[in-house]
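Worksheet for the structure shown next.
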Amino acid sequence: MDEGKRTFSSNENARSPAPNFSPTLVSPLDPWHSTPVKKNHVRVPAEVSSVPKRLPAGSGAKREAARSLLTSPECSLIVHSKQNDRKAAVEAEGGIVQKQRRELQLLMAELKDRDQELNDMVAAHNKQMQAWEHDRQRVLTLEQRSARLESELQKRSEVIRALTKQLRIAEARQQDGHRELNNTQLQLHQLSQQQQLSASQCQDLEERNQSLNSTVLDLSSQVGRLQAREEELSAMLKLKDKDVTEATNLIVDLTGRFQKLEVMLKEFRSREVKALKEVEEHKRRFREARLENVKLKEELQEKTAESNAQREEIIRLKQENQRLERELAVAGEGESWKDELLRSARSKQERTESELHCLRQAYENQQNDLQLLQLNLECAQEALMQRASRVSPGSQGDLTCLLLDSPPGNRKSPGLVNGPSPSRTSPCLVSSGDQRVQPPSPDSVQEEQYSPTSRLRRLLTKSRQMVASLELNAKRPACPAHSPTNESLHSPSHAFARSPVHSPTHGCTTSRDRSELGQL
């Protein structure tokens, strides 16, 4: 619409290049002047004007006197001088009008060139906006993909959690079996002691029987009592034999159950190995998604720089537009030209305001995208922390040692208010990761500590630290012992359940992340 208006106004200007001044410009007898000119009319002397009135009443002598007055040289000189003055004024006025027309035509041509340049700039800006929308759609698809990967990772973590619970149950059962075995061994030891006592008693009785054979006749009265005692002892022996058989049956049952528990432990270990392989695969996918996220972040920074350059160009064009308006206000003299210039200025102002509105919308969209990326990174960080605390045996201890190994100067950096700074990375973590993180200078930290991009970078560095610590824990070789008791003691779940490590620095980092989320 603005282009149609501009072409229509330019056609009207081409059709009527001359301004609509007062009607005095058209008439050749009464030219227009910038300053009022006194009109000098030819004044005939009173004698000449009065001669024709007197002629009808006079005689021939009087007519000849009037003719002589009209044809006198003084009257002819006056008439010629007035005509020459009028012609000179008309020529000067025409030259001024032609000069003003040429100047106005030059100004209109310059305005048309400016309009064409602005139209080209608007078309280029629209192309850039379309490219930015395409990049934004790509970022959204990548976010959906990362969300899907995170859901899969959560499912895997739940499976690992269930396996760890089953391992703990199996260990508890194994410990119960060991306790029952110890109890049965104690009972067997007690029974053996009782059997030894009964055997010693039997030997004593036999010796007494041999000693009493010589005195059978003397002790015949005591035979009945000895027989009753012998029957009692035989009953006790039978009971002891029954207890021994029951103990042997219990031992056989416990050995069978122990073998079953060993088979179940082997199955659980094979499942744990499979789960660790799946976790490594998810780590690799997470690294690829992280690299894509870094590339998209660099593209977003380039787009912001381009938008800043376009904003500066618009400000410069506004200043030039104001300067042209001032020049046109000084140069323009007619009301119609002033109206046309005001219309063109208004159209330019509306166009610049629309471009500024588009730039504001683009900036708001960029801010929203940055906030979404930040939230996604924080969710990924929390998921990684949960996985590290549940899967790897010493992940929390490694994280605490990494945070405690960092220099104290970095802990007291000004970034503690808005979140952990990138300079907190420990040297062992930087050497083990795929990408090296360099600590920024204090000037750059003071300049960028309140910007959302700096917060996003800090969150990215923290996620890299966690991924590197998980890789270190995954690379540690497992060293199982030969006996099942040693295997159960050296298993990751047993070590994790036996000695959990809670570091104060780890709690500080999570509280700082929450404070950053509240500020955003």
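Letter 495 of the sequence shown, counting from 1, is numbered 495 in full-length UniProt numbering, and no numbers are missing. Glycine included, C-beta positions come from ideal geometry on N, C-alpha and C.
Apply the 10 Å Cβ neighbour rule to residue i and answer buried if 16 or more other Cβ atoms are within range, or exposed otherwise.
i           : result
L291        : exposed
N293        : buried
T141        : exposed
S234        : exposed
M108        : buried
residue 523 : For residue 523 there is no data in the structure shown, the boundaries of the chain being 1 and 520.
R351        : buried
V139        : buried
L237        : exposed
S146        : buried
R148        : exposed
G462        : Here the sequence assigns Lys to residue 462, which means Gly is not the residue at that position. Classification of K462: buried, given that the 10 Å Cβ count is 16 or more.
S354        : exposed
L111        : buried
L186        : exposed
I160        : buried
residue 528 : No statement about residue 528 is possible, as the shown extent of the chain runs from 1 to 520 and does not include it.
D113        : exposed
D204        : exposed
Q374        : buried
A309        : exposed
DSSP on residue i, reduced to helix/strand/coil?
i    : result
T304 : helix
T215 : coil
R326 : helix
A57  : Bear in mind that the predicted position of A57 carries a pLDDT of just 45, short of 50, making it too unreliable to give a figure here.
Apart from the five residues just before and just after residue i, which ones in its own chain have a Cβ nearer than 8 Å to its Cβ?
i    : result
L191 : K240, D243, V244 and A247
L118 : L317, K348 and R351
E313 : M121
L163 : F268, R271, E272 and A275
L254 : G177, E180, L181 and T184
C379 : E150
S483 : Any reading at S483 is ruled out, since the residue's pLDDT is 40, under 50, leaving its predicted position unreliable.
L226 : none
Q194 : K240
So, for residue i: in the same chain, excluding its five sequence neighbours on each side, which residues have a beta-carbon less than 7 Å away from its beta-carbon?
i           : result
Q154        : A383
R102        : none
residue 521 : One cannot answer for residue 521 here, as it falls past the ends of the chain, which runs 1 to 520.
L372        : E143
I251        : T184
K53         : In this predicted model, K53 has a pLDDT of only 42, less than 50, meaning its place in the structure is not dependable; the value taken from the coordinates is given anyway. No residues qualify anywhere along the chain.
Can you list, in chain order, the residues of its chain whose CB lies under 6 Å from that of residue i, leaving out five sequence neighbours each side?
i           : result
E278        : R156
N321        : K348
L188        : A247
residue 521 : For residue 521 there is no data in the structure shown, the boundaries of the chain being 1 and 520.
W132        : K303
Nearer than 7 Å: is that true of the beta carbon of residue i relative to any heavy atom of the ligand NAD?
i    : result
Q386 : What this structure holds is no ligand at all, so the ligand NAD is not there to describe.
Q.
What ranges does the alpha helix (DSSP H) occupy inside the stretch 159–231, keeping only unbroken runs of at least 4 residues that lie completely in it?
A. none
Q | Within the stretch 243–320, ranges of the alpha helix (DSSP H) (whole runs, at least 4 residues) | A | Correct list: empty.
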